[in-house]
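Residue 904 in our numbering sits at position 124 of the sequence shown, and the numbers go up by one each step. Only one structure is covered here, and it is reproduced in the block below.
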Amino acid sequence: MTTRTELLYSGKAKSVYSTDNPDYMIMLFRNDTSAFDGKKVDQLDRKGMVNNKFNAFIMEKLEAAGIPTHFEKCLSDTESLVKRLDMLPIECVVRNVAAGSICRRLGVEEGLTLNPPTFEMFLKDDALGDPMVNEYHIDSFGWATRDQVETAKSLTFRVNDVLKKLFDDAGLLLVDYKLEFGMSKGQLVLGDEFSPDGCRLWDKETRKKMDKDRFRQGLGGVIESYEEVGRRLGINFD
Ligand code: TMP
Ligand code: ASP
């Protein structure tokens, strides 16, 4: 039985604990939700359980497609066992459709199809508002090696191939998503989580928002939408 030993890190929506095995950690998905770099926060019933199960489902699909992830297994409704990674302080984003910050930055209309999909990187720093950075910044400041950036980029696009199809088959459009990577024994591995907190998903027909934009924009029915997405994918939340 793997159990938590010490709290290592408490983020805005998850807490990370050490275990008696130094190679593994436990991620606890809490009901907390936040947006705008922690400026808007709330507690949403069932969120920890829904995101834990959602993340497990997606990570297993990605592993099956040959993408290395830190995910090992669910330990409870809200806890997962993961490999301990040395995280890069970088967020990798692929956008298939314009939404969110790219609309503000570049003055493009929400909903514009991006062909080919575009790729952006952000420095993980709430105090600075997660500024966009390029590969030269990352190199000059030593946040990651060129090799790590190239691998992270190619894995992020491979994730797009797998997940665009998965969501499309469930009647959903994968608008954009954010991934974080870390090193484990010399290999770059997908870490953190994949859930409707860190991506945008729209209903293919109606373009209804089914992701964290419902919280950011005060649209209501946040977890109901996450569960609807999960239900369409065949995830069992009971
Ligand atoms: P953005 O449009 O705000 O730049 O976000 C792009 C995608 O990345 C969107 O699906 C939300 C996700 N994201 C996070 O999950 N956390 C973050 O800190 C940021 C900046 C984006
Ligand atoms: N997760 C980040 C925050 O809590 C960014 C966001 O999702 O808007 O502020």
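C-beta atoms are modelled at their ideal positions from N, C-alpha and C, and glycine is treated no differently.
Using beta-carbon positions only, say whether K841 and E973 come within less than 8 Å of one another. Residue numbering aside, residue 841 sits at position 61 when the sequence shown is read from its first letter. Residue numbering aside, residue 973 sits at position 193 when the sequence shown is read from its first letter. Taking 8 Å as the Cβ cut-off, K841 and E973 do not qualify as a contacting pair.
Taking 5 Å as the limit, tell me which residues put their C-beta closer than that to any heavy atom of the ligand TMP, in chain order. V873, G880, S881, D910, D956, K958, G978, C979, R980
Quick check: does the Cβ of K827 come within less than 7 Å of any heavy atom belonging to the ligand ASP? Numbered from its first residue, the sequence shown carries residue 827 at position 47. Incorrect: K827 has no Cβ contact closer than 7 Å to the ligand ASP.
Does the contact criterion of 3 or more C-beta pairs under 8 Å hold for the region 819 to 836 versus the region 879 to 889? Contact between the region 819 to 836 and the region 879 to 889 is absent, because fewer than three Cβ pairs lie under 8 Å.
Just tell me which of A924, V874, N876, L903 has its CA closest to the CA of G962. Looking up residue 962 in the sequence shown gives position 182. Minimum Cα distance to G962 is reached at A924.
Roughly how many angstroms lie between the CA atoms of F834 and G891, to the nearest whole one? Within the sequence shown, the letter at position 54 stands for residue 834. Within the sequence shown, the letter at position 111 stands for residue 891. Whole-angstrom Cα-Cα distance: 25 Å.
Please confirm whether E859 and F851 have their CB atoms less than 8 Å apart. Your numbering for residue 859 matches position 79 in the sequence shown. Your numbering for residue 851 matches position 71 in the sequence shown. Result no, Cβ atoms of E859 and F851 do not sit closer than 8 Å.
Quick check: does the Cβ of S814 come within less than 7 Å of any heavy atom belonging to the ligand ASP? For the purposes of this step, residue 814 is identified with residue 34 of the sequence shown, where counting begins at 1. Indeed, a heavy atom of the ligand ASP lies less than 7 Å from the Cβ.
Integer-rounded CB distance, given that E960 should sit under 8 Å from E871: For this step, residue 871 is matched to residue 91 along the sequence shown. For this step, residue 960 is matched to residue 180 along the sequence shown. Going by Cβ atoms, the distance from E871 to E960 rounds to 6 Å, so yes, they are a contact pair.
Cβ of D905 within 7 Å of any heavy atom in the ligand ASP? If you number the sequence shown from 1, residue 905 lands on position 125. D905 has its Cβ no nearer than 7 Å to any heavy atom of the ligand ASP.
Alpha carbon to alpha carbon, what distance is there between S934 and M901? The count along the sequence shown starts at 1 and reaches residue 901 at position 121. The count along the sequence shown starts at 1 and reaches residue 934 at position 154. About 13 Å.
Which residue wins for smallest C-alpha separation from P897, given the options D812, N940, R926? Along the sequence shown, read from residue 1 onward, the residue named residue 897 stands at position 117. With distances taken between Cα atoms, P897 lies closest to N940.
Around the C-beta of F921, are 16 or more other C-beta atoms found within 10 angstroms, so that it is buried, or is it exposed? For the purposes of this step, residue 921 is taken as the residue at position 141 of the sequence shown. Classification of F921: exposed, given that the 10 Å Cβ count is below 16.
Mind checking whether the beta-carbon of R996 lies closer than 7 Å to any heavy atom of the ligand ASP? Position 216 of the sequence shown holds residue 996. The answer is yes for R996.
Between which two residues does the beta strand (DSSP E) containing K853 stretch? As a first step, residue 853 must be located in the sequence shown, where it is residue number 73. Element bounds for K853: 851 to 854.
When the Cα of L903 is compared with those of T813, S814, K958, which residue comes out closest? Walking along the sequence shown from the start, residue 903 turns up at place 123. For the residues T813, S814, K958, the minimum Cα distance to L903 belongs to K958.
Assigned exposure category for G1011 - 16 Cβ within 10 Å defines buried: Stepping through the sequence shown from its first residue, residue 1011 is reached at position 231. Note on identity: in this sequence residue 1011 is Arg, with Gly being the wrong assignment. Result: exposed.
Return helix, strand or coil for I918, following the three-state DSSP convention. The residue you call residue 918 lines up with position 138 of the sequence shown. DSSP places I918 in helix when its eight states are reduced to three.
With 16 other Cβ atoms within 10 Å as the buried cut-off, status of R821: On the sequence shown, residue 821 is found 41 positions in, with the first residue counted as 1. Reading off the sequence, residue 821 comes out as Val, not Arg. Classification for V821: exposed.
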